[in-house]
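Notes for the one structure printed next.
Residue numbers (this note's numbering): 1 to 404.
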C-alpha cells in the first residue's frame, strides 16, 4: 500500500476547538492536546471517538482520538482528515515495518510499533518472530482493536497475537487491565536471538511484553568494555546484560533481582548460551545488595556495575522523590567501585528528561565524592524512535560512566 493518508469516508467526527494560542505545539508536531487547552467540543463525545481538531481561528489541525475524561484529551492521528479503519492501521503499520527493516536489518524480534512515534497513539506492538504482543494504551485503539488485528494479520500472517494490557496508564483511559491471547496460539515463553545470543522471554507473566528490547543497542555498545571485568548486574531481570558480559570476556558476573521467576529464567538463559557453570544469579533486593557492596562487606568486588532500576517516576508528581532515589542508587554504585571502575546506569521514565538525568548523575557523583567521567550518553534503541517534537517519546536514558 502506498505511504499516503487514508481519506475520511465514515461519519463526521466531533469538532474540537482549542483555546487561542494552544495550536502552536500541535503545528510543531506534538501529538497530545490536554483537556485544559480545549475551548469547545461540538457533539456528544464517547471515549475514543474521532475528532476534527481546529484552532481558535478555525484552522484545521487534523484528526485525533478524543477522550472526554482524560487529561490527555486528544491524541493526534494526522494533520489531515483520516478514518481510523483497517486501511489506516495497515498503512501506518506497513511504514513502521519498513522502518524496522532499515534499523534492524535481518532481525525478527524488536518493537514494531511505538505508539505516537509511529503515528498510532496508544498502540505498542512487539514482534517475537511469528508471535506479536500488543499493549493498548488508548481508548481510541481499544475501540478499534479488531481493525488493528486485521491489519497485523494482513501484513505479517502471525501464528499468534497476545494482549499484554496490564500497564497502569490504561486506568487513566478508563480501560481495565487484562492479559490474554487475542488470536491464534501463543506459548508462555518464546525464544529470540539478539546479537548472536539466545534468550527466553516470558510472555504472559513477564515485565513489559516479556523482553527489554529498548536496551538491546546499549547491550551491544557495552560488549567491548566487558573483557576481564568483574560485573555486578542489578535489577538483572532475565539476565541479558550478564550473559552479554560473560560472552564478551567478563571474568565473572553476579546478577541480582527481587523476582524469583526472573532469576530462574536468567539461569535457564545462561544454560541456553552455554554459561550454566559461569553465570551467577541471586534473588534479592538490589538496593539492599548495593548498600552492602558500597560498604565493602561482600566477597565479590565488582569493577563494573550495571544499574537498570524500574521506573521510579510513573507520574510527574513522583519526580522529586524519584530523583532523590536515583541519586541514592547511583551514589551507592559509585562508592562500590574501585578506582578505574565503570558504571552503566539507566532511567526509564519520560518524566526524567535527559537534562535531569545528567544533573542527577552529577549529584550522585558529588554525594559519593568520586571524580567521574561521562564517557557516553545514550537512549533507547532505534526501534523505539523518538519523535523530535515530542520529548515524552524519549523515555530511556543510559550513561556510561568511568571513575577518573
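Note that beta-carbon positions come from the ideal geometry of N, C-alpha and C, so glycine has one too.
key: Supposed contact pair residue 291 and residue 332 - C-beta distance, whole angstroms, cut 8 Å   = Locating residue 332 in the chain shown gives position 332, where the first residue counts as 1. Locating residue 291 in the chain shown gives position 291, where the first residue counts as 1. Correct: roughly 6 Å between the Cβ atoms.
ask   = In chain order, which continuous runs of the beta strand (DSSP E) of length 3 or greater are located wholly inside the segment 9 to 92?
value = Counting only unbroken stretches of 3 or more residues, the beta strand (DSSP E) elements lying wholly within the segment 9 to 92 are 14 to 18, 32 to 34, 38 to 42, 49 to 54, 60 to 66, 72 to 78, in sequence order.
query = In terms of residue numbering, what span does the beta strand (DSSP E) encompassing residue 202 cover?
reply = In the chain shown, the residue the question calls residue 202 occupies position 202. In the DSSP assignment, residue 202 falls within the beta strand (DSSP E) that extends over 197 to 202.
ask   = Quick one, which of 214, 219, 44, 65 has its alpha-carbon nearest residue 409's?
value = In the structure displayed, the chain extends from 1 to 404; residue 409 sits before or after that span and is not available.
key: Backbone secondary structure at residue 304 - three-state DSSP   = For this step, residue 304 is matched to residue 304 along the chain shown. It is a strand residue.
inquiry  = Quick check on the DSSP output: what are the complete alpha helix (DSSP H) runs of length 4 or more inside the segment 321 to 378, in order along the chain?
reply    = Runs found: 354 to 368.
inquiry  = Distance check for residue 15 and residue 324, CA to CA, integer angstroms please.
reply    = Indexing the chain shown from 1 puts residue 324 at position 324. Indexing the chain shown from 1 puts residue 15 at position 15. So the two alpha carbons sit approximately 44 Å from each other.
message = Taking only three categories from DSSP, how would you classify residue 407?
response = Nothing can be reported for residue 407, as the shown portion of the chain is limited to 1 through 404.
query = Between 225, 208, 21, which lies nearest to residue 36 when the distance is taken from Cα to Cα?
reply = As a working note, residue 36 is residue 36 in the chain shown. Nearest in C-alpha terms to residue 36, of all of 225, 208, 21, is 21.
request  = Verify whether the separation of the beta carbon atoms of residue 148 and residue 89 is less than 8 Å.
outcome  = By one-based count along the chain shown, residue 148 stands at place 148. By one-based count along the chain shown, residue 89 stands at place 89. Cβ distance < 8 Å, so residue 148 and residue 89 count as in contact.
ask   = Who does residue 128 pair with in a DSSP beta bridge?
value = In the chain shown, the residue the question calls residue 128 occupies position 128. 109, 131.
message = For residue 112, which residues in the same chain have their Cβ closer than 8 Å to its Cβ, ignoring the five residues on either side in sequence?
response = Residue 112 sits at position 112 when you count from the first residue of the chain shown. Leaving aside the five residues that flank residue 112 on each side, the residues in its chain whose CB is nearer than 8 Å to its CB run, in chain order, 93, 96, 97, 100, 125, 126, 127, 132, 383.
message = In this structure, how does DSSP classify residue 181 when only helix, strand and coil are distinguished?
response = Residue 181 sits at position 181 when you count from the first residue of the chain shown. DSSP places residue 181 in strand when its eight states are reduced to three.
query = Would residue 295 be called buried (16 or more neighbouring beta carbons within 10 Å of its own) or exposed?
reply = Here residue 295 is taken as the residue at index 295 of the chain shown, counted from 1. By the neighbour-count criterion, in which a residue is buried when 16 or more other Cβ atoms sit within 10 angstroms of its Cβ, residue 295 is exposed.
request  = Report back the beta-carbon spacing between residue 283 and residue 242 to the nearest angstrom; my notes put them in contact at under 8 Å.
outcome  = Numbered from 1 along the chain shown, position 283 holds the residue referred to as residue 283. Numbered from 1 along the chain shown, position 242 holds the residue referred to as residue 242. About 14 Å separates the two Cβ atoms, so there is no contact after all.
request  = Please go through the segment 274 to 303 and give each complete alpha helix (DSSP H) segment of 4 or more residues, from N-terminal end onward.
outcome  = Fully enclosed alpha helix (DSSP H) runs of 4 or longer: 286 to 294.
Exposure of residue 219, with buried meaning 16 or more beta-carbon neighbours within 10 Å = For the purposes of this step, residue 219 is taken as residue 219 along the chain shown, with counting starting at 1. In summary, residue 219 is buried, with 16 or more beta-carbon neighbours lying within 10 Å of its beta-carbon over all protein chains present.
ask   = Roughly how many angstroms lie between the CA atoms of residue 1 and residue 353, to the nearest whole one?
value = One-based indexing of the chain shown puts residue 1 at position 1. One-based indexing of the chain shown puts residue 353 at position 353. Caution applies to residue 1, whose pLDDT of 35 falls short of 50 and renders its modelled position unreliable; the value that the coordinates give is listed next. Taking the straight line joining both Cα atoms gives about 37 Å.
ask   = So, do the segment 341 to 355 and the segment 64 to 84 have three or more beta carbon pairs nearer to each other than 8 Å?
value = These segments do not touch.
query = Can residue 55 and residue 23 be called in contact, C-beta distance under 8 Å?
reply = In the chain shown, residue 55 corresponds to position 55, counting from 1. In the chain shown, residue 23 corresponds to position 23, counting from 1. Between residue 55 and residue 23, the C-beta spacing is below 8 Å.
Beta-bridge partners of residue 398, as assigned by DSSP = Taking the first residue of the chain shown as position 1, residue 398 is located at position 398. In DSSP, residue 398 forms a bridge with 346, 378.
Member of 26, 396, 78, 342 whose CA lies at the smallest distance from the CA of residue 310 = Taking the first residue of the chain shown as 1, we reach residue 310 at position 310. Put simply, of 26, 396, 78, 342 the residue whose alpha carbon is nearest the alpha carbon of residue 310 is 396.
ask   = Would you report the Cα separation of residue 181 and residue 334, rounded to the nearest angstrom?
value = As a first step, residue 181 is located in the chain shown; it is residue number 181 there, counting from the start. As a first step, residue 334 is located in the chain shown; it is residue number 334 there, counting from the start. Between the C-alpha atoms of residue 181 and residue 334 there is a straight-line separation of about 44 Å.
Where residue 103 falls, given that 16 or more other Cβ within 10 Å makes a residue buried = Position 103 of the chain shown, counted from the first residue, corresponds to residue 103. Exposed: under 16 other Cβ atoms inside 10 Å.
task = For residue 191, write down the residues that DSSP places opposite it in a beta bridge.
result = Indexing the chain shown from 1 puts residue 191 at position 191. 200, per the DSSP bridge assignment.
message = Beta-carbon within less than 7 Å of residue 368's beta-carbon, same chain only, minus the 5 sequence neighbours each way: which residues are those?
response = The sequence position of residue 368 within the chain shown is 368, counting from 1. Spatial neighbours of residue 368 in its own chain (CB-CB distance under 7 Å, excluding positions within 5 residues in sequence) are listed in chain order as 331, 334, 335.
ask   = In whole angstroms, what is the alpha-carbon distance linking residue 178 and residue 164?
value = By one-based count along the chain shown, residue 178 stands at place 178. By one-based count along the chain shown, residue 164 stands at place 164. Approximately 7 Å between the Cα atoms of the pair.
key: Simplified DSSP assignment, three categories, for residue 240   = For the purposes of this step, residue 240 is identified with residue 240 of the chain shown, where counting begins at 1. DSSP, read as helix, strand or coil, puts residue 240 in helix.
ask   = Is the distance from the Cβ of residue 221 to the Cβ of residue 211 below 8 Å?
value = For the purposes of this step, residue 221 is taken as the residue at position 221 of the chain shown. For the purposes of this step, residue 211 is taken as the residue at position 211 of the chain shown. Cβ distance not < 8 Å, so residue 221 and residue 211 don't count as in contact.
inquiry  = I need the boundaries of the beta strand (DSSP E) containing residue 252, first residue and last residue.
reply    = Counting from 1 along the chain shown, the entry for residue 252 is found at position 252. Start and end: 252 to 257.
key: C-alpha distance - residue 262 paired with residue 13, whole-angstrom precision   = Here residue 262 refers to the residue found at position 262 of the chain shown. Here residue 13 refers to the residue found at position 13 of the chain shown. Cα to Cα, the separation comes out at about 46 Å.
query = How long is the line joining the alpha carbons of residue 288 and residue 255, rounded to whole angstroms?
reply = Your numbering for residue 288 matches position 288 in the chain shown. Your numbering for residue 255 matches position 255 in the chain shown. Here the C-alpha atom of residue 288 lies approximately 14 Å from the C-alpha atom of residue 255.
request  = Pull up the distance between the alpha-carbon of residue 201 and that of residue 62, whole angstroms please.
outcome  = Your numbering for residue 201 matches position 201 in the chain shown. Your numbering for residue 62 matches position 62 in the chain shown. The alpha-carbon of residue 201 is positioned some 39 Å away from that of residue 62.
request  = Taking 8 Å as the cut-off, decide whether the C-beta atoms of residue 184 and residue 161 are in contact.
outcome  = Position 184 of the chain shown, counted from the start, is the residue given in the question as residue 184. Position 161 of the chain shown, counted from the start, is the residue given in the question as residue 161. Yes, these two residues count as a Cβ contact at 8 Å.
inquiry  = Going by C-alpha to C-alpha distance, which of 49, 73, 43, 82 sits closest to residue 60?
reply    = Your numbering for residue 60 matches position 60 in the chain shown. Nearest C-alpha to residue 60: 82.
request  = Can you have a look at residue 40 and say buried or exposed, based on whether 16 or more other CB atoms are within 10 angstroms of its CB?
outcome  = In the chain shown, residue 40 corresponds to position 40, counting from 1. Residue 40 should be labelled exposed.
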